[in-house]
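Reading through the structure tokens given below for one structure.
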Amino acid sequence: MMSFTTLFAYTVVSVYFYYTINYQTTIVESFTIKTTRRTCTRNLNHIPSFYNGNLHHAIGFSLSSSSSLSSSSTDNADTEQMKQKISHANISNKNILVVGGSGRVGGSVVCNLLLHNAKVTIGGTKEESYSQSKTRWKTLYPKLDTIINDENDVVSFVQIDREDKQSISNVLQNKKYDLVVHTAGPFQGKVKSPNGVIEAAIENSIPYIDVCDDYCTAMAAKSKYDALAKENNVPCIISTGCWPGVSSLMAKQLTNAVLKQTQNAHLKPQDLNVEFSFFTAGSGGAGSTLLVATFLILAEKSLMIVKNRRTEVQAMKEYKLSNFGPIVGDKDVAHLNLLEAASVHDVLGIGSVKTLFGTAPKFWNTLLGVMAQLPSSLLSNEELMEKLALFSLPIVRVVDYFAGATNAMRCDVTCDVDDSIQEIALYAHDNLEPCVGECVVGFCAAVLGDGCVQGGVSFPEEAIESEEDIAAVLSLASVGAHTLEVESNSGLTMKSMWGEE
């Protein structure tokens, strides 16, 4: 173990110094709006989205015939949202239990819930971590300084064991909760671990959301709890967030647009190809838990669906360029075993699906590729990967300082029998951490909407059914995005795709 850790350390340090000498960051000085390509590209540099005290959600951007930029206040936006079934208004004054709320992902969700007037209880193992997180939240979102204080009883902590159903039930029965959000995963490699959170939520008839990133783990929960959730009429959406989550809704909206066209009446879902490309600069500000999940994913071959057949390829080996819009630009991406490949095929029936991922600086791609060549028995050793994550975290933080935390998604839909079918959707955000929170909260608004999500355990692409509801969730999930785009031969517009005018 020592030889592997030492090798990893020398590799990271060496490429880090190369990176600091050769890598330059670029800053976009202006925003552009191109209606001909149905593109909304926003520049938020003058308003640091993650550090700004004024909620950057409150800045409304729209496309108009004059390609002008308009803004609106949070109050006006909330008033408009009141007219919709799925809106941030659904969250206001709701009591929400966030399991794992002291972590990076959970903290982002908590902050976004509080900024939309929810009352949040953090379920965790250590109150000390919660106290430290509160201080950090106020630094990152100064507006929370007036929300989180001794006078406002809007956030609290309760100790739980997330694998113990009774531990969770005791909390849920002590107070009337409207929603349970599991932000501690379940992450990679937890197929056999008990999920007391979803079990307790369903038994107590409380809607549930999680951010599970592993298909086998998600399917285990679905097969075990779906029948009871339907019987109790409890809506549960698993694997939400940006990717997976928003990415799957992007694919559903694009493929639905193709299939509903009269000239495409002869086509079926299995005739279509969906290619996902994902990009995250540095680690995206990930904590040790997400680093462990990344290392565990590298132990797996990457699943591809090719003409309705499952096949596997080596992860992070063969790269291609993918364009993520004018701000992020072209990035190298390679196969990585991500949940969408299986879920979009199984749920939507798409015939061919692949998932590609890349990071920056480029040496991170190289390093991930090298790690993917290591024996799977080594990479799948969770205890060892936890130690490696803790060891590498300081170095990762230094690189993140220079690389930033940009997060971008691209979804392409094509068809082998009709090359005129070319649908593209792009999403890019300047910071992965708040991005995840905004996306998860979009799904929270959906599950809290009156009758928007049916009872049962569902992936996002089966839980959010209508095109209007998908656009509403995508609109909420993209409030902080600096780039949104749709290129469509099937009639999709910014409004029908992203909820943008």
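Note that my numbering has the sequence shown beginning at 4, numbered continuously upward. Note that the Cβ used here is the ideal one computed from N, Cα and C, for glycine as well.
Compare the beta carbon distance of residue i and residue j with 8 Å and say whether it is the shorter of the two.
i	j	result
G440	C114	yes
E436	A392	no
L275	C418	yes
V184	V261	no
C239	Y218	no
K88	C455	yes
S196	N235	no
S105	Y133	yes
M374	L301	yes
L257	I467	no
I94	V416	no
Could you check which residue in the options has the C-alpha nearest to that of residue i?
i	options	result
G244	F405, V399, S111, S383	S111
L299	T314, I353, V194	V194
I241	G106, K357, E131, D216	D216
L387	G106, A296, W501, D335	A296
L116	G483, N492, A448, A484	A448
I424	Q317, M307, S493	S493
I99	I89, H119, D167	H119
F405	E206, P364, F394	P364
K304	N311, K310, M319	M319
A474	L143, A254, A92	A254
G332	V277, T486, S251	T486
R312	G285, P329, V356	V356
G352	E315, M374, V309, K390	V309
V420	A232, Q457, H269	H269
V350	N410, E465, V450	E465
A232	K168, I205, V214, Y322	I205
I330	A484, D167, Q135, Q162	A484
E315	F327, L306, H348, I171	L306
P272	F327, G199, K323, H348	H348
S170	I201, S90, T220, Q457	I201
T220	A230, E154, G188	G188
If you run the structure through DSSP and keep just helix, strand and coil, what is residue i?
i	result
I36	For I36, the predicted structure reports a pLDDT of 30, less than 50, and the residue's modelled location is therefore unreliable. The matter cannot be settled from this model.
K168	helix
D422	coil
L396	helix
N267	helix
L381	helix
A484	strand
S493	coil
I94	coil
P238	strand
E303	coil
F327	coil
E503	coil
V184	strand
S196	coil
I30	In this predicted model, I30 has a pLDDT of only 30, less than 50, meaning its place in the structure is not dependable; the value taken from the coordinates is given anyway. Coil.
H338	strand
V456	coil
P125	Note on identity: in this sequence residue 125 is Ile, with Pro being the wrong assignment. I125: strand per DSSP, three-state reduction.
Q135	helix
C438	helix
T243	coil
M319	coil
D333	strand
S469	coil
H119	coil
K498	helix
E154	coil
Y211	strand
Y144	coil
I89	coil
F160	strand
Under the assumption that residue i contacts residue j (Cβ atoms under 8 Å), give the Cβ distance between them as a whole number of angstroms.
i	j	result
L3	A203	Given a span of 4 to 504 for the chain in the structure shown, any question on residue 3 remains unanswerable.
T186	G103	4 Å
E490	N259	With 8 Å as the limit, E490 and N259 do not qualify as a contact, their Cβ atoms being about 16 Å apart.
L477	G452	Going by Cβ atoms, the distance from L477 to G452 rounds to 15 Å, so no, they are not a contact pair.
N162	T138	Note that residue 162 corresponds to Gln in the displayed sequence, not to Asn. 19 Å between Cβ atoms; not a contact.
R1	G199	Nothing in the structure corresponds to residue 1, since the chain is present only between 4 and 504.
Answer yes or no: does any C-beta atom of chain B fall closer than 8 Å to that of residue i?
i	result
V277	Protein chain content of the structure displayed is limited to a single chain, and chain B is not contained in it.
Can residue i be considered in contact with the ligand ATP, in the sense that its beta carbon sits closer than 7 Å to one or more heavy atoms?
i	result
F281	Looking at this structure, you won't find the ligand ATP or any other ligand, since it has none at all.
query: For the stretch 221 to 235 against the stretch 448 to 463, are there 3 or more C-beta pairs whose distance is under 8 Å?
result: yes
task: Count the C-beta pairs between the stretch 335 to 343 and the stretch 241 to 258 that are closer than 8 Å, then say yes if the count reaches three, no if not.
output: yes
- request: For the stretch 157 to 171 and the stretch 113 to 132, state whether three or more C-beta atom pairs, one from each stretch, are separated by less than 8 Å.
  value: yes
Three or more C-beta pairs below 8 Å linking the stretch 393 to 405 and the stretch 417 to 429: no
task: State whether the stretch 276 to 284 contacts the stretch 372 to 385, with contact taken as three or more CB pairs (one from each stretch) at a distance under 8 Å.
output: no
message: Check whether the stretch 354 to 363 and the stretch 321 to 338 are in contact - that is, three or more C-beta pairs closer than 8 Å.
response: yes
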